[in-house]
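K.L.:
In our numbering, the protein residues as written are 10 to 159.
1. Using a Cβ cut-off of 7 Å (strictly closer), state whether residue 44 contacts chain B.
2. Is residue 76 closer than 7 Å to residue 52 when the C-beta atoms are compared?
3. Of all the options 158, 142 and 126, which has the alpha carbon lying nearest to the alpha carbon of residue 79?
4. Can the beta-carbon of residue 27 be found closer than 7 Å to that of residue 17?
5. If I measure Cβ to Cβ from residue 125 and keep anything under 7 Å in the same chain, skipping five residues before and after, which residues do I get?
6. Determine the closest residue to residue 131 out of 120, 36, 123 and 149, with distance taken between C-alpha atoms.
7. Quick one: any contact between the region 33-52 and the region 98-116, if contact means 3 or more CB pairs under 8 Å?
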């Protein structure tokens, strides 16, 4: 298979590359259970609430962040008390650094290795930065950058 469509119920390595997968890692001193937990936590201004969301699995994290829509109007997201604009290079770097930290998870690193040389896509992903914290294009770009580091 030359193409991998990444989603949580896909076959390996697509499922492990999904943000919903329980790839435990530590980023910026915070224990994170899934990348979805990290991404959803960015919708919360309260740092203690962020830590709680980071500890959630994919589906639970998605549910926790689903009612937080103010960021779509303001473009403001948060990490550890700092405000980030959704469409900023600084926000892009924050997310990419979280993905880099997740490379310390052996399962995630192995899935990246299995994806090397393949075309990645996330057909269920969104494309409008005003409607999602991570577009399909950004997600695939980050994964391809990580694969280059292997």
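Beta carbons are placed, not taken as given, at the ideal position from N, Cα and C, and that holds for glycine.
Keep in mind that this is a model prediction, so the values were computed, not measured.
P.N.:
In short:
1. Judged by its chain identifiers, the structure shown contains no chain B, having just a single protein chain.
2. The answer is no: Cβ separation not under 7 Å.
3. 142
4. yes
5. 156 and 159
6. Looking from the CA of residue 131, the closest CA among 120, 36, 123 and 149 belongs to 149.
7. Counting C-beta pairs closer than 8 Å gives three or more between the region 33-52 and the region 98-116, which meets the contact rule.
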